[in-house]
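The block underneath contains the structure these notes are about, expressed in structure tokens.
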Amino acid sequence: MFSPNCFTTDQEIAWCPGCGNFDILQALQEALAELELSPHRVLLCSGIGQAAKIPHYIRVNGFNGLHGRALPPAVGARIANSSLKVIVQSGDGDTYGEGGNHFLHTIRRNPDIAHFVHNNQVYGLTKGQASPTSDLGMNTKVQTAGVILSPFNPLSLALALGAGFVARGFSGETEHLKQLMKAALEFPGYALVDILQPCISFNKLNTFAWYKKRVQKLEGHDTGDQEAAERLARQWGDKIPIGILYQVPAPTFESRIPALQGEAGEKPLAGRPFNPGSLVHLQEEFM
Amino acid sequence: MEINILIGGAAGQGVETIAALLGKVMLRSGYGLCLDKDYMSRVRGGHNFSRLRIAGETPWCATGKVDILVSMDQETYFIHQDTLQEKSRIIYDPESFSLPQEEKRGVPVPLQRLAKEAGGAVMANTVAVGAVLVVLGMDTDSAEKLLQEMFAHKEGMVEKNYLALKKGYKEASHHCSACFSMPDKKIDEKRLFIDGNEVLGMSALASGCRFLSAYPMTPSTGIMNYLAGKQECGVVVEQAEDEIAAINMVLGASYAGVRSLTCTSGGGFALMVEGLSLAGMTETPVVIVMGMRPGPATGLPTRTEQGDLEFVLHAGHGEFPRAVLSATHLEDAFYRLNKAFYLADKYQVPVIFLTDQNFADSARSVPPFDFQRLNYERHLVEEKGLIRPYQRYRITEDGISPRALPGQFSGEVVLADSDEHDEKGNIIEDADTRRRMVEKRLRKQAGLASEMEEPTLYGHQEPDILLMGWGSTYGALRETVDNLGFQGRKAALLHFSDLWPLPVKAVSEILTSVDKSFCVENNATGQFAALFRRETGLEVDHKILKYDGRPFMPEEILQEVQKNV
Ligand SMILES: Cc1ncc(C[n+]2csc(CCOP(=O)(O)OP(=O)(O)O)c2C)c(N)n1
Ligand SMILES: [Mg+2]
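Written as structure tokens, this is what we have:
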């Protein structure tokens, strides 16, 4: 039967001991097991960074692509094989910085993808520069006088662009995070879970204790209330809400692509038989 | 015997509509024809023209001289008057401008007024077509049938267009009826009248390409338009947010098992370069149609150049195998793009297919294609050949690892990685694995080299004069060789379609035996000549280079050759 062990690999993990990534990995393995997804039916796409190494540490299909470019291959894979359960996982720099444009437009497309962003508010792999989500004033070797750019708010942006599923998790609340992941994986359409994750090596500001003190699980919130969700998305500081802020499905990208509908649509594009001779009639319009 | 018609006017004046209508009429009347377009990067105004060359057999390219000038505005006349011959005719609207007094070749047809009389100013194009037909001494049957097909779904439009056609025909007949004699027809089978982008779109579809992601950019947008219009055939077309997304989407789709394509021009390709390198590292098949236009930067957006050969040869950081093929002429390009898909799948590499605006926008009448010749082998591992546990990057003798798709085999996963990796696809950093993986990937280059097609000698089989070229200059070079032949010269053409790995056998053998060799390229630095020298150590005697954004005319090449022999 399914157990998180189905998803473990023999790889030596290159994360720092105590890193929040371990908890995220564990939550993911448990979520997949509980949803009874076989490894070969799952595809995990990532970019480059510490977080983005995750396809090596979990036994599912993986496309570990370029920095900032985790989303486009995932969209392509969904079109090619809509029977794959597709997950995208990367860091905050990768997703909101280098890949910002893809983030915007993937939300507009609404493909059936679960997007888990490891948001440690810093560039981990390149050793501690500010990321788009770094708090104002954070000192780094590059931002020597502290960050002066105002922080990027992924949840507000996703809501503004009409994302159907917007949530925030905390790596230190693994059980809660697992539930968020399961809900995102089962949601039909693009589902964003921004995961607060301490970086023990480079983020001395937003530490485990810092998050622990502030995160508050949402209770009694109506996930169909967009205005309430927008208010919650803006909350940052003494109290940071975690949970599902908004969950209202809309027609997916795949459901609006002609070639993926009807009888032909039941078979993934990748598996359809094809014979060039069947298209000779294409020439008629030119005669 | 041939007829050359040039239709010119401002953007928005219907130049292309007239050319397309006339072209189809000529096609159905059994003539051979070619059409090329010269247009500016603007939506209204400026000066655009289309050139239609009509002959018994299908001409290979456009020429500079003009028999009938359809001048939709005064500027057209002034720009093109030097190309007119004594017997040429100028069709123009005397109520919109007048020709100089001494100009006696005018055929005044009030296009606007007659169109309005027929039911609407938009039909000025149809009036002009009627005028051209009578000047050529043709009847209106074919044109009427075409208008019927085009407007059948629009209430009343067929009749109005008939009327417009007849009015133009009648009015022009007062000034000039059958002023030209048409060439003898030599074609009796059905032909297609199709342009380069349409041929590539059709070939992609018939090659089993089921996904295209691209960002609009001249001169490649036509491929995206073609495929977008064919979604009922089961192809998915996604306009990406930028070229970086386009190539990465295509790689994701290809990894998941679909033959995939992206198309762009130099600026967009520049944005794809990191993705190209990713295709090399992850060994993901991909075909990129790269339609060249003059650079640097935005350059001349709607014009032609062969300026990006060196760019595509070297694009992408790191060392990885690739193939570069080019579009020489329509009949060949249909099969060659299929070859690009075949090579990409078999060797799990990126394949770049070079075209340019001259190829993309030029149409000719060509025989139907043989769809049975197209290859759709996917080169995937099958159940019986599967070695478990599956390893995406298993080291093999020819460097080609067994390719499985995610989800293909229960219990097996497929891991593609942009980091250097081991056979399973997991990140590594050790020196030994790195070395073995570099060597594995590069071994595929030898396989690719064995697939490259040597150019065949066209023209005299023991030539004194050798012309060399690649890509879309084929037609102009072929005509040049024919013309040199007519002059009693022993001339031949070696024209390259497959460019990398460069097939050098034929050319190395012949180059030393000719008196004079010429490399003809639509660029300023002779990029192919340089590649050729790099690969063979041999040098051509002369380079004939053109870099004004316009395609070569055969007469220009002829002149340059004559100067140097
Ligand atoms: C095109 C490109 N630019 C820069 C880099 C270098 N780089 C690798 S990871 C990274 C930032 C990682 O930050 P984040 O995405 O937040 O991931 P983390 O390491 O914090 O998990 C950078 C700048 C790269 N690999 N590719
Ligand atoms: Mg980070």
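Chains V and A, in that order, give the protein sequences.
With this note's numbering applied, the first sequence corresponds to residues -19 to 267, in that order.
With this note's numbering applied, the second sequence corresponds to residues 20 to 584, in that order.
We treat Cβ as the ideally placed atom computed from N, Cα and C, and that holds for glycine.
Being a predicted model, the structure only gives us computed values, none of them experimental.
Contact set between residue i and chain V, taken where Cβ atoms lie within less than 7 Å
i: lysine 209 of chain A; result: Met267
i: methionine 268 of chain A; result: Pro52, Pro53, Val55 and Gly56
i: phenylalanine 212 of chain A; result: Phe266
Cross-strand partners of residue i (DSSP beta bridge)
i: arginine 383 of chain A; result: A/Cys53 and A/Ile213
i: threonine 283 of chain A; result: A/Met309
i: threonine 477 of chain A; result: Rather than threonine, the amino acid found at residue 477 of chain A in this sequence is tyrosine. According to DSSP, which records beta bridges pairwise, tyrosine 477 of chain A is partnered with A/Leu512.
i: glutamine 109 of chain V; result: V/Tyr103
i: glycine 223 of chain V; result: V/Arg148
i: arginine 70 of chain A; result: A/Leu25 and A/Asp55
i: serine 232 of chain A; result: A/Glu257
i: histidine 561 of chain A; result: A/Phe537
i: phenylalanine 96 of chain V; result: V/Gln69 and V/Val173
i: leucine 485 of chain A; result: A/Ala511 and A/Ser536
i: isoleucine 446 of chain A; result: A/His440
i: valine 343 of chain A; result: A/Ile371 and A/Trp519
i: glutamine 196 of chain V; result: V/Pro221
i: leucine 434 of chain A; result: V/Gly42
Chain V residues whose Cβ lies nearer than 8 Å to that of residue i
i: alanine 363 of chain A; result: Going along chain V, no residue has its Cβ under 8 Å from alanine 363 of chain A, so there is no contact; the nearest lies around 15 Å.
i: isoleucine 429 of chain A; result: Note that residue 429 of chain A is serine in the sequence shown here, rather than isoleucine. Correct list: Ser18 and His20.
i: aspartate 261 of chain A; result: Asn81
i: phenylalanine 230 of chain A; result: Gly56, Ile59, Ala60 and Leu249
i: phenylalanine 390 of chain A; result: Pro256, Gly257, Leu259 and Val260
Contact test: residue i Cβ vs ligand 4 heavy atom, cutoff 6 Å
i: aspartate 451 of chain A; result: The model depicted lacks ligand 4 and carries ligand 1 and ligand 2 instead.
Cβ neighbours of residue i in the same chain (closer than 7 Å, five flanking residues each side left out)
i: glycine 614 of chain A; result: Chain A is shown from 20 up to 584; residue 614 of chain A falls before or after that span and cannot be answered.
i: asparagine 183 of chain V; result: Asn100, Gln101 and Val102
i: alanine 250 of chain V; result: Ala60 and Asn61
i: serine 192 of chain A; result: Val153
Distance between beta carbons of residue j and residue i, contact taken as under 8 Å
i: valine 539 of chain A; j: phenylalanine 571 of chain A; result: 7 Å
i: leucine 88 of chain A; j: isoleucine 73 of chain A; result: Actually they do not touch by this definition, with Cβ atoms about 15 Å apart.
i: tyrosine 366 of chain A; j: proline 340 of chain A; result: 7 Å
i: proline 369 of chain A; j: isoleucine 307 of chain A; result: 7 Å
i: glycine 294 of chain A; j: leucine 328 of chain A; result: Contact doesn't hold; Cβ gap of about 20 Å is too wide.
i: valine 255 of chain A; j: phenylalanine 288 of chain A; result: With 8 Å as the limit, valine 255 of chain A and phenylalanine 288 of chain A do not qualify as a contact, their Cβ atoms being about 22 Å apart.
i: valine 195 of chain V; j: isoleucine 224 of chain V; result: Their Cβ separation, rounded to whole angstroms, is 14 Å, which puts valine 195 of chain V and isoleucine 224 of chain V out of contact at 8 Å.
Cβ-based neighbour list, residue i, same chain, cut-off 6 Å, excluding 5 preceding and 5 following
i: glycine 0 of chain V; result: Ser151, Gln177 and Pro178
i: alanine 13 of chain V; result: Phe(-18), Ser(-17) and Pro(-16)
i: phenylalanine 116 of chain A; result: Gln93
i: threonine 555 of chain A; result: Val523 and Ser527
i: arginine 383 of chain A; result: Cys53, Thr77 and Leu349
i: aspartate 261 of chain A; result: Tyr234
i: valine 122 of chain V; result: Gln109
i: glutamate 190 of chain A; result: Val128
i: threonine 145 of chain A; result: Asn180, Ala183 and Leu184
i: arginine 552 of chain A; result: Glu558
i: threonine 499 of chain A; result: Pro573, Ile576 and Leu577
i: isoleucine 371 of chain A; result: Ile307, Met309, Val331 and Val343
i: lysine 562 of chain A; result: Cys538, Gly545 and Ala548
i: glycine 48 of chain V; result: Gly27, Asp74, Glu78 and Gly79
i: tyrosine 409 of chain A; result: Ala423 and Glu431
Contact set between residue i and chain A, taken where Cβ atoms lie within less than 8 Å
i: leucine 64 of chain V; result: Ala275, Pro425 and Gly426
i: lysine 33 of chain V; result: Ile446
i: alanine 244 of chain V; result: Gly253
Sequence-distant residues of the same chain with beta carbon closer than 8 Å to residue i, five excluded per side
i: aspartate 449 of chain A; result: none
i: glutamine 258 of chain A; result: Ser232, Ala233, Tyr234, Pro235 and Met243
i: lysine 204 of chain A; result: Ser48, Gly49, Tyr50 and Gly75
i: arginine 88 of chain V; result: Leu141 and Gly142
i: threonine 321 of chain A; result: Tyr58, Met59, Ser60, Thr237, Pro238, Arg312 and Gln376
Neighbour list for residue i in chain A, Cβ cutoff strictly below 7 Å
i: cysteine -4 of chain V; result: By Cβ distance, chain A contributes nothing, its closest Cβ being about 16 Å from cysteine -4 of chain V, past 7 Å.
i: leucine 165 of chain V; result: Going along chain A, no residue has its Cβ under 7 Å from leucine 165 of chain V, so there is no contact; the nearest lies around 16 Å.
Interface partners of residue i on chain A, CB under 9 Å
i: phenylalanine 96 of chain V; result: Result: empty, since nearest Cβ-Cβ is about 17 Å, beyond 9 Å.
i: glycine 42 of chain V; result: Pro425, Val432, Val433, Leu434, Ala435, Asp436 and Gly444
Neighbour list for residue i in chain V, Cβ cutoff strictly below 9 Å
i: tyrosine 395 of chain A; result: Phe254, Asn255 and Pro256
Mind listing, in chain order, the continuous alpha helix (DSSP H) runs of no fewer than 4 residues lying wholly within the region 74 to 133 of chain A? Runs found: 93 to 99.
Note down, one range per segment and in chain order, each beta strand (DSSP E) of at least 3 residues found wholly within the region 346 to 406 of chain A. Taking only runs of at least 3 residues, the beta strand (DSSP E) segments lying wholly in the region 346 to 406 of chain A are 369 to 375 and 382 to 385.
Can you give, in chain order, each stretch of the beta strand (DSSP E) that sits fully within the region 7 to 80 of chain V and has at least 3 residues? Runs of the beta strand (DSSP E) inside the region 7 to 80 of chain V: 22 to 26, 41 to 44 and 65 to 71.
Alpha helix (DSSP H) runs contained entirely in the region 133 to 215 of chain A, provided each spans 4 or more residues: As far as the region 133 to 215 of chain A is concerned, its whole alpha helix (DSSP H) runs of at least 4 residues are 143 to 154, 160 to 170 and 176 to 192.
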